[in-house]
Each structure stands twice: as C-alpha cells, then as structure tokens.
Amino acid sequence: MKNILKLLIATVLITSCKKGLELIPKDTISDATFYKTAADFKLGANNLYNSLPGFDFNDTQSDLAFNTVNDVSDGNYLPTADNPDWTSAYVYIRAANNLIAKGKSSTDAGINNYIAEAKFFRAFNYWQLFKLYGGVPLIDQSLDVSDEKLYTPRSSRQETADFIIKDLTEAAANLPLKSALGGADAGRIAKGTADALRARVALFEGTWEKYHNLPDMSKYLNIAIEAANSVINSNEYELYKGKGADSYRYLFIEAGDDSKESILDRRYEINVAGQSYPYLIDRICYLPTKKLADMYLCKDGLPINNSPLFQGYNTIKSEFENRDPRMTMTMIVPGTATLRPFHPTVPVVNYPTNPQRNGNTGYITYKYLSEDSYGNNVGETNNSHGFDDHLIRYAEVLLIKAEALFEKNNAISDGDLNTTINVIRNRVGMPPISNAFVSGNSLDMRSEIRRERSIELALEGFRYDDLRRWKTAETELPKEIKGIKIKGSEWQSIAPYNGADYQSRTDANGFLIAQPAADRTFDPNKHYLQPLPTREIALYNGQLQQNPGW
C-alpha cells in the first residue's frame, strides 16, 4: 500500500489575528522547547502539506469546461469582504516563516532539508496568491501580533515573482532527489518539485511580461528554460507508459499513482485521506465544451478544419473518429458503456434528467473516472477513492520548455520539438510536429504549442491562468459556450435534445448553446487580476491598494 503523508499539526495552534493573517497565540507550546531535532522540524513541515489543493473544477472558470453559470468565466464576480484563497495562503506562509526562522542557524543536514520544504511551501502559497492578484505583501519573518511589519504594503509583481523564484532556488539546493525518497517519505517535496514549480512560475511571468508589455520577458523565460532543463536532465522523471497505448487514460486513476511522471501530488488513500472525485464529476458535472472537443487534432496531425480524416458531426460518434486518442480518454464516446456513477455499464447516449444538468454541453468527462464501480457510485462524503491528484507532472515540464523556447525566440528547432512535445505525442501515437509540417500546412507554431498544452492538460485547471498570461482572455472568455451539434445530426431525435428547450438553444449551425455570449463578459481593464478582499484593505489602514478597476 502506498505511503500517505501523515499531515500532523504538532507544532502550531492557529488562531486569527487582526489583519487576516493567522498567528500562533502566545499560550501555545514553546517553539524554543520543541524545535530541537530534525524529527521536530519534520513534524512542523508535515502541516505545510495541508496547503496543497485537491481535485477541483477550475477549468469551468475558462472556456474548456462548463457545469452551471460561473461568475469567474462569465465576468460577473465582485470583490468580497473575505476570500479563503487569500487567508489560507497567509496561514501557511506564516507557518513556513516560523519553521524557517527556527532553523535559520542550523548546520544539521536533516533540519535543513525541512527548512527547504518550508521554503518550497512559502513559495507555493505566494504563487497561489500571485497568479490571481499580482504583487502581494511579502512577509518573510515570523511576526508577533503587534508588529507593524504585518502591514507591509504590496510588492510589485516582479518583486513577488523574484521572491518566489528565490525561495524555490534555495529550496532545491537542500532537497533530495525523488529517487532518494521512499517508504514513509514517498511523496515528499524533492529537488525536482522545486525546479518544476520554478519553471511554471517563470513561464507564467515571462509570457505575462511579453503579452502585457512589461520589460522582463527574457529574464523569466530564461529561468523557465533553465529550471525545466534541470528537471529533464536529472533523469528522475519520465512519462507514465505502464498501460501502453492507454497510459494517458490510466495516469489519472489508480494505476498512475507513484509513477515517475508524478512531480507533486496531493496524495489520497481510502479510509486515510480519501476522495470522491469520480462521483463528483458526474454528480456536480465537469462538462467538456465544443471548444475543447474541436481542439483535438485528427490522427494525421492536422486540425479538424484542415484534415480529410475528420468525419463531421452528423452522428453521435462521428466527431470522435480518427482523432487524437486523448480525446476519447478525456471524453466518453456516446454509446460506450463505462462505469459511470449514475449508470454503470449503460451505454452513454445522453444525460439523465437532472436539474443540475439543464445547462449541459452534451459531452461527458471520462478523465478521472475510475475502473472501480463501487468507488464511482458512492456518495459525496465517502472517502472511497485513493488515487492521487497530479498537481505537477513531467509532461507539463516538457510543455513549459517548448513554450518558453518559442516565446523567447519566436521560433523552436525540430530538435527541441523532438525532446519536448513529440515525446508527449509519442505516448499516444500521434505524429510528430516539425517546422516543415507546420509551414507546409499553413499552421502557426505558437498556436500549435498552445493547442498541445491545452489538450494534454485538459480539465487539470490550467486554462484560466493560460488565457490571462497570453492576454487572450478578453477574446476567448466573452464567447458563447457551445456543446454538441443537435440540429442536423442524430442528436436531434434523441431525448432530451429533441425537446423544445434544447431545440431553441442552438446557433445557426445547430450547435447547442450552453451559455450565450450576452451572458459573458471580460473587462481587460480589471479582469486580468482578481480583487483583493475588501476587509484586508480596510485592516491595512491605507497600506494595501486594490487592483485596478475594482
């Protein structure tokens, strides 16, 4: 049985303080008494693993997934008094600062390992804030409740990015390789984890700088390339291929746990720290959109509007034929029997009647659905599944390197394509991409690199951040959300799509409109960054400035 990190909170008792940061009350166990050995620091570091997010539906904030109206993707969200994203991050930043301070003068290699973990988690939680808000108050000390440094003003976005990258660089220097971890330490933060997150952060900021007309594009893209190369050249990681041609499908359920593709996981185990994500996908719905479906290439490597292999939308299965195999490993082919939570072994044609599915797209998610029929059918509170959530995986690192190289030089060599994107394509049997292929078929390399990222990482929560860093959110997010073709296809005679409600919600070409463009907006003057919690701004007494437009 795989190891689960026991997230023991043995060193801190947390309470709220006057500015939203969570500080240790003065009547807790004495830190000076506790932090003596590497084992003490390990217990302190264990708490930080609680800050890792679990399975979510974050791609519904973009244009690739849908369930019900989402106020982020449709641009209708407003500033709130409090925000758990902000509060939770600072809770763990405070805990990390405390651990780092206690081990600051240590020469013990064991203690320094856990100080490195604390630096990783401080960086990780600042990253969670940075990608939503831009520059934030940077606090790198363990402060008392009366310390005026609690009211530190916001740093610039570059200062915040640099702080995160510095923490990750320093962490990597004192972290073990993944191969050195095992037994009770399997799944802990490794050197490759810090380097991979550094690559992610640097790509985000490098492309943000490029497309938002800021000056430091090259600096961050160089860091992204260097950090990605560090992961690749370590030979610690590789794509999961344990199920042959179906490996992409099985990576995201039980078979993919603890593979060499995993760089950072939120780890689960039945009856220890379980999850019910397969059930929730079908119950709450995590519905692919037509935008995502149309992104998948045909098996000849060409987009559907360029390829003679594309079979159109006339039947319930035709659009899935001759496509990138990842399409049918991400979405269920209509008419296929699967172990779905509500109708196991029943061939999928449509959704059953359910109020939560009134806005459905007609596409059904297959990614993350287990082969375990019991686990797929239990209730929302049952810890029935133990497969892990891959927060950072090796495929993303390959994609980061390819994109960073292209964005830095506005070109990428075939050699670099062969060691990045084509490694990913090879796993699913897709033809390689080359400069000659792209130019010979009137394609655009930047678009194809972005396409590869979008389909490889589909429904893993990257799309919202990608659209904002590419500065294409203002173009993509206001568009209507579409689903299957109803009119002019077999769906027209299949319930519930033959009903008047669905028939009236189609575009001129017969495609289902799940959410019309009139209900979606994106204001480029404010929506690229989210609003800070208003209570935090009030508590800072004028030292904390709100984001533009809010």
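Its first residue numbered 71, the sequence shown is counted upward by one per residue in our numbering. Every residue gets a Cβ at the ideal spot worked out from N, C-alpha and C, and that includes glycine. Since the structure is predicted, the reported quantities are computational estimates derived from the model, not experimental observations.
Local Cβ density within 10 Å of residue i, reported as buried at 16 or more and exposed below that
| i | result |
| --- | --- |
| T400 | buried |
| K172 | buried |
| D141 | exposed |
| G276 | buried |
| P603 | buried |
| N384 | exposed |
| A588 | exposed |
| E14 | The structure shown does not extend to residue 14, since the chain spans only 71 to 620, so no value can be given for it. |
| Q585 | buried |
| I99 | Note that I99 has pLDDT 48, beneath the 50 cutoff, so the model's placement of it is unreliable and no number is given. |
| T542 | exposed |
| V467 | buried |
| G253 | exposed |
| P358 | buried |
| S346 | buried |
| L118 | buried |
| I471 | The sequence shown places Lys at residue 471, rather than the Ile named in the question. Classification of K471: buried, given that the 10 Å Cβ count is 16 or more. |
| A115 | buried |
| T107 | exposed |
| T591 | exposed |
| E331 | buried |
| P594 | exposed |
| K248 | buried |
| E218 | exposed |
| G371 | buried |
| N183 | buried |
| G510 | exposed |
| E229 | exposed |
| T177 | exposed |
| N505 | exposed |
| S443 | exposed |
| P601 | buried |
Supposed close pair residue i, residue j - CB separation, criterion 8 Å
| i | j | result |
| --- | --- | --- |
| I323 | S440 | 5 Å |
| I374 | D364 | 6 Å |
| I462 | L334 | 4 Å |
| A186 | A241 | 4 Å |
| S304 | G262 | 6 Å |
| D338 | F200 | Note that residue 338 corresponds to Tyr in the displayed sequence, not to Asp. So it is not a contact: roughly 27 Å between Cβ atoms. |
| A272 | I235 | 6 Å |
| Y356 | F127 | 5 Å |
| A231 | R268 | About 10 Å separates the two Cβ atoms, so there is no contact after all. |
| N168 | S212 | 4 Å |
| L599 | N617 | 4 Å |
| D133 | E546 | 5 Å |
| Y438 | Q131 | In fact, because the Cβ distance is near 18 Å, the residues do not count as touching under 8 Å. |
| V498 | R575 | Their Cβ separation, rounded to whole angstroms, is 34 Å, which puts V498 and R575 out of contact at 8 Å. |
| M500 | D394 | 6 Å |
| Y436 | I402 | 5 Å |
| F104 | I181 | Wrong, their Cβ atoms sit about 13 Å apart, outside the cutoff. |
| N392 | K369 | 5 Å |
| Y162 | S121 | 4 Å |
Beta-ladder partner(s) of residue i, from DSSP
| i | result |
| --- | --- |
| F476 | In DSSP, F476 forms no bridge with anything. |
| A608 | Its beta-bridge partners do not exist; DSSP assigns none. |
| L582 | T576 |
| R463 | S332 |
| M401 | T435 |
| R393 | C368 |
| H455 | Q345 |
Taking three-plus beta-carbon pairs below 8 Å as touching, is the stretch 195 to 203 in contact with the stretch 244 to 260? no
Is the stretch 590 to 608 touching the stretch 144 to 162 in the sense that three or more CB pairs, one from each, lie closer than 8 Å? Under the Cβ criterion (8 Å, minimum of three pairs), the stretch 144 to 162 counts as touching the stretch 590 to 608.
Contact the stretch 568 to 588 vs the stretch 547 to 555: 3+ CB pairs below 8 Å: yes
Give the list of continuous beta strand (DSSP E) stretches no shorter than 3 residues that lie fully inside the stretch 328 to 360. Here the runs fully enclosed are 332 to 336.
Taking only runs that begin and end inside the stretch 181 to 229, name each unbroken alpha helix (DSSP H) of 4 or more residues, in chain order. none
Along the chain, which unbroken stretches of the beta strand (DSSP E) at least 3 residues long are found entirely within the stretch 103 to 154? none
Spell out a yes or no on whether the stretch 273 to 291 and the stretch 300 to 315 are touching, meaning 3 or more CB-CB pairs, one atom from each, closer than 8 Å. no
For the 8 Å Cβ check, are there 3 or more pairs between the stretch 487 to 503 and the stretch 515 to 532? yes
Given 8 Å as the limit, is there contact between the stretch 557 to 569 and the stretch 502 to 514, that is, 3 or more CB pairs closer than that? no
Tell me whether the stretch 202 to 219 and the stretch 289 to 296 touch, counting them as touching only if at least three CB pairs, one residue from each stretch, are closer than 8 Å. no
Can you list, in chain order, the stretches of the alpha helix (DSSP H) that have 4 or more residues and sit fully within the stretch 528 to 574? 533 to 539, 543 to 546 and 570 to 573
What are the complete beta strand (DSSP E) segments, minimum 3 residues, inside the stretch 220 to 307? With a minimum length of 3 residues, there is no unbroken run of beta strand (DSSP E) contained wholly in the stretch 220 to 307.
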